[in-house]
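Right, one structure below, let's go through it.
In the numbering used here, the protein residues as written are 7 to 314.
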């Protein structure tokens with residue numbers, strides 16, 4: 007009897023420990039899911055890096071995004087289509103599981119930088135909204151309707167959209183494949199200093215483009231002279247050639263003449279490119295002057311709102 011009782015007690019204890027082990031395993035799996043790097047915080051379909059305004063006013067793209075986890079700073083590079091003005095955009099920041107402060111810096115033409123500072127270490131995701139204050143002409147309704155019922159029917163679909171046509175949203179999760187860990191500390195500077203540095207860097211690049219155009223014009227002009235010299239030599243040979251040799255020589259001359267005409271078009275295009283570059287550089291220099299004088303006003307830093 008004692009032996010049977012002992013076996014029953016051991017069996018009960020064994021079952022108890024098996025149950026506890028299974029419960030413990032489930033807890034570990036649950037904890038692993040909660041803290042897994044690749045768990046889905048934001049649906050993949052919402053992590054797109056390009057958004058177009060429904061009113062057709064333009065497109066914004068996040069071309070680069072990086073995160074300095076040590077200093078809790080995120081940097082985003084923005085590029086918009088030429089029909090959008092970065093100065094006409096009003097951004098807002100939303101943070102899930104934390105807070106942050108956004109610094110929005112329009113730089114040159116249709117580019118801008120965003121710095122999100124003091125992000126909570128355990129943030130899960132952020133959302134950025136951009137409102138285009140320069141409304142598209144597509145928002146202006148110049149249609150007339152036969153009666154009020156037609157007007158109500160035809161316009162009801164336009165007003166049912168939950169998102170205004172001049173508003174777009176971006177989502178960035180902490181484990182997004184697009185968000186890269188910064189290789190060096192992200193430096194936070196004043197909007198004025200950062201913008202001037204960015205614009206000056208672009209001016210330096212455009213000056214190199216001008217040098218490139220000058221070199222191209224010089225090379226093409228020299229090649230034209232060489233082609234003309236070669237044509238003169240070939241034309242002298244025509245007096246001594248007959249038959250197939252003469253035909254081949256004349257074809258060569260025609261080909262060189264076409265090359266000269268093509269080079270002339272390239273030279274003209276290079277000169278036009280120089281004019282475009284000069285205008286762009288003048289505009290950027292004026293922008294730097296306006297920034298330094300205080301004429302150009304930057305938007306204030308924006309505190310985050312709760313991301314539900």
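All C-beta atoms, glycine included, are put in the ideal place defined by N, C-alpha and C.
Quick check on residue i: does DSSP put it in helix, strand or coil?
| i | result |
| --- | --- |
| residue 204 | helix |
| residue 217 | helix |
| residue 246 | helix |
| residue 174 | strand |
| residue 140 | coil |
| residue 117 | strand |
| residue 122 | strand |
| residue 193 | coil |
| residue 51 | helix |
| residue 312 | strand |
| residue 307 | coil |
| residue 31 | Confidence in residue 31 is poor, its pLDDT being 49 and thus under 50, which makes the residue's placement unreliable; the coordinate value appears in the next sentence. In this structure, residue 31 counts as helix in the three-state DSSP scheme. |
| residue 198 | helix |
What are the boundary residues of the beta strand (DSSP E) that residue i is part of?
| i | result |
| --- | --- |
| residue 72 | 65-74 |
| residue 85 | 79-86 |
| residue 108 | 107-112 |
| residue 57 | 56-58 |
| residue 98 | 95-102 |
Looking at C-alpha atoms only, which residue of the options is the closest neighbour of residue i?
| i | options | result |
| --- | --- | --- |
| residue 107 | 295, 81, 60 | 81 |
| residue 195 | 110, 267, 73, 236 | 110 |
| residue 222 | 270, 286, 171, 287 | 270 |
| residue 297 | 76, 112, 190, 233 | 112 |
| residue 262 | 289, 231, 281 | 231 |
| residue 63 | 171, 299, 117, 72 | 171 |
Given the structure, does residue i come close to the ligand ZN, in the sense that its CB is under 7 angstroms from one of the ligand's heavy atoms?
| i | result |
| --- | --- |
| residue 104 | Of ligands this structure carries none, so the ligand ZN is not represented either. |
Inset, instruction - Would you list, in sequence order, the uninterrupted alpha helix (DSSP H) runs of no fewer than 4 residues that lie entirely inside the segment 223-302? - result: 249-299
Inset, instruction - For the segment 93-110 and the segment 124-137, state whether three or more C-beta atom pairs, one from each stretch, are separated by less than 8 angstroms. - result: yes
Legend entry - Segment contact flag, the segment 270-287 with the segment 178-194, C-beta cutoff 8 angstroms, min 3 pairs: no
Legend entry - Any 3 or more C-beta pairs closer than 8 angstroms across the segment 286-295 and the segment 200-217: yes
Inset, instruction - Examine the Cβ distances between the segment 188-203 and the segment 297-310 and report whether three or more of them are shorter than 8 angstroms. - result: yes
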